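Enquirer: My structure is below; once you've seen it, I'll send some questions.
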Amino acid sequence: MTLRIVYLRLLSLLVLLGLAVSGNGQELAFPGAQGWASTTPGGRGGKIIRVTTLADKGPGSFAEAIALAGPRIIVFEVGGIIDLKGQILSIRNPFLTIAGQTAPSPGITFIDGGINVYTHDVVIQHIRIRQGASRHEKGWEPDALSTISAYNVIIDHCSFTWGVDENCSASGPRFDGATPDEWRKNTSHRITMSNNIIAEGLSQSTHSRGEHSKGTLIHDNATDIAILNNLYASNQDRNALFKGGARAVYVNNYIHNPGRIAVRYGLVNAEWEGHPHEKGQLTIIGNVMQHGPSSSDMPLFLMANGPCEVYMADNIAKNKKGEDARLFAGDSAKLVSQRPIWYDAIRPLKAAAVKKNILKNVGARPWDRDENDQRIISDVLNMTGKVIDSEMQVGGYPVFKPTQKAFQEKEWNLKTMTPKR
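Below, the structure written as structure tokens:
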């Protein structure tokens, strides 16, 4: 039985178990969607937009598809590499589903660029962004993918590597508005990052600040953020970093070979000058950190500066010898006994089961992983991997032979973009 068939049967089982409907009866974006964004419709009910070329722009391109207005579902009739040639694409029109699962093998991989989401009600699944920097000079420093003042966005089963700033982040202005509630409304909120590979942020690359191997930044006052079931591998820092006033749940993630810092909270005083410090809220449950070849001695979670309530339960931290490492460092007075923020429909796995789940299910198209994702999974299994400065250290940009296959609507549930049996 192929991995694709197993995956499709699992999706069908989720539907039968009722996991396509939220606790309040709203339809989920797709079976198993979780977090505050889980009921976004994305492009449901909209036009089917077919990507028919791997060109970076023009008729039939992905860039043209995301620029369209109105509800729309982007499907792919091509597979291979979309070379963005340094472009950072912007998604500005809401009600969009990007269904990378519809592409023929080897799926869709973007190189030398990134994507920013500036709008609401967006679902992104099963794409790879392998940013890299070997073609650029100092000062080129984009994220691979970022939400900017966006909301109701799900980023699920994607693979992000070789980011120059961060690999995958939620951002926006800190203080847009007159009150803290307005600040939270006007920056990214209701964002889910689930089942992704977020790996190998570039360290000494083209970022103007020098060392910048970073996984995920959750910016100041970003709220209702769900980071669930992701693999963070060989990032120096920010696996993830929650800045001042951020409010998030961090559940069932596996952190392999963090370089210097795994997960932390930190408010930068200079950035908040003239504004009262907002209290962060973090719920950290069922995660695993495994030190690797690039790792210093670090805890799973570092409580740095700023007011914050942190709840931690059922987490595992191991050093290079397989012995218990520290779970927490910082001001223990900020640890609380009740979850300060939670989304009731989240059902955490036990931390002991996380590694097996991650290895089987994480990243873009787990039934059809490319060589880079297979290599990163192998690093987890074999306790290998390293923080890198350039994509050239791990083989450079991938090369795939382009493929084509017509998208057949009758083969897909267009409400959830899951394949029919």
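My numbering applies: residue 1344 is where the sequence shown begins, and numbers increase by one. The C-beta atom is built at its ideal place from N, Cα and C for all residues, glycine as well. Predicted model only: the values in this text are computed from it and were never measured.
#1: Answer yes or no: do valine 1679 and tyrosine 1654 have a C-beta to C-beta separation smaller than 9 Å?
#2: Output yes or no for whether 9 Å exceeds the beta carbon distance between isoleucine 1431 and isoleucine 1451.
#3: Taking contact to mean at least 3 C-beta pairs separated by less than 8 Å, is the stretch 1548–1564 in contact with the stretch 1478–1487?
#4: Quick one: grab the DSSP three-state call for methionine 1655.
#5: Counting along the chain, where does the alpha helix (DSSP H) carrying aspartate 1426 start and finish?
#6: Going by the CB atoms, is the gap between tryptophan 1710 and threonine 1445 shorter than 9 Å?
#7: Determine the extent of the beta strand (DSSP E) in which aspartate 1464 is found, giving its start and end residues.
#8: Using C-beta distances below 8 Å, list every residue in its chain close to glycine 1423, excluding the 5 sequence neighbours before and after it, in chain order.
#9: Under the rule that 16 or more other beta-carbon atoms within 10 Å means buried, what is glutamine 1369, buried or exposed?
#10: May I ask you to verify whether the stretch 1496–1503 touches the stretch 1523–1540, counting CB pairs closer than 8 Å and requiring at least 3?
#11: Quick one: using the 10 Å Cβ neighbour count with 16 as the cut-off for buried, is asparagine 1725 buried or exposed?
#12: Nearest to valine 1421 by CA position, among His1599, Phe1373, Pro1447, is which residue?
#13: In its own chain, which residues sit with a C-beta less than 8 Å from the C-beta of asparagine 1529, not counting the 5 before and 5 after it?
#14: Just verifying my parser: in three-state terms, what is the DSSP assignment at threonine 1445?
#15: Could you say which of Ala1542, Glu1752, Glu1621, His1479 lies nearest to serine 1512 if we only look at CA atoms?
#16: Is the number of C-beta pairs between the stretch 1587–1597 and the stretch 1553–1567 that are closer than 8 Å three or more?
#17: Report yes or no: do the stretch 1630–1649 and the stretch 1598–1610 share at least 3 C-beta pairs separated by less than 8 Å?
#18: Output needed for cysteine 1501: all residues of its chain with C-beta closer than 6 Å, excluding positions within five of it in sequence on either side, in chain order.
#19: Take glycine 1386 and list the residues in its own chain whose beta-carbon comes closer than 6 Å to its own, dropping the five residues that flank it on each side.
#20: For alanine 1613, count neighbouring Cβ atoms within 10 angstroms of its own Cβ and tell me buried if that reaches 16, exposed if not.
#21: Count the other CB atoms within 10 Å of the CB of glycine 1361; is the residue buried (16 or more) or exposed (fewer)?
#22: Sorted by chain position, which residues of the same chain lie with C-beta nearer than 7 Å to alanine 1380's C-beta, five sequence neighbours on each side aside?
#23: With distances taken from CA atoms, which of Gly1635, Asn1510, Ile1720 is nearest asparagine 1704?
#24: In whole angstroms, what is the alpha-carbon distance linking alanine 1406 and valine 1594?
#25: Can the beta-carbon of proline 1683 be found closer than 9 Å to that of aspartate 1713?
#26: Check the DSSP bridge columns for proline 1762 and list the partner residues they point to.
#27: For valine 1730, which residues of its own chain have a beta-carbon under 6 Å away from its beta-carbon, when the five flanking residues on both sides are left out?
#28: Taking glutamine 1474 as the reference, give the member of Asp1687, Gly1617, Ile1458 with the closest Cα.
#29: So is threonine 1759 buried or exposed if we call it buried at 16+ other beta carbons inside 10 Å?
#30: DSSP on valine 1737, reduced to helix/strand/coil?
Expert: In brief:
#1: yes
#2: no
#3: yes
#4: Residue state, collapsed to three classes: strand.
#5: Note, aspartate 1426: premise wrong, no alpha helix (DSSP H); beta strand (DSSP E) at 1421–1426.
#6: no
#7: Unbroken beta strand (DSSP E) run through aspartate 1464: 1463–1468.
#8: Leu1397, Pro1449, Ile1451, Thr1452, Phe1743, Lys1744, Pro1745, Thr1746
#9: exposed
#10: yes
#11: exposed
#12: Pro1447
#13: Ser1492, Gly1515, Pro1516, Asp1519, Gly1520
#14: helix
#15: The shortest Cα separation from serine 1512 among Ala1542, Glu1752, Glu1621, His1479 belongs to Ala1542.
#16: yes
#17: yes
#18: Ile1470, Asn1539, Ala1707
#19: Pro1414, Arg1415, Ile1416, Phe1438, Leu1439, Thr1440
#20: The residue is exposed, with fewer than 16 neighbouring Cβ atoms inside 10 Å.
#21: With a pLDDT of 43 at glycine 1361, under the threshold of 50, the modelled position of that residue is not reliable, and the figure given next carries that caveat. Exposed, by the Cβ-count rule.
#22: Asn1495, Val1496, Ile1497, Arg1533, Ile1534, Thr1535
#23: Ile1720
#24: 33 Å
#25: no
#26: Answer is Trp1755.
#27: Ser1546, Ser1556, Ser1577, Gln1579, Gly1602, Ser1637
#28: Ile1458
#29: Its Cβ being crowded by 16 or more others within 10 Å, threonine 1759 is buried.
#30: helix
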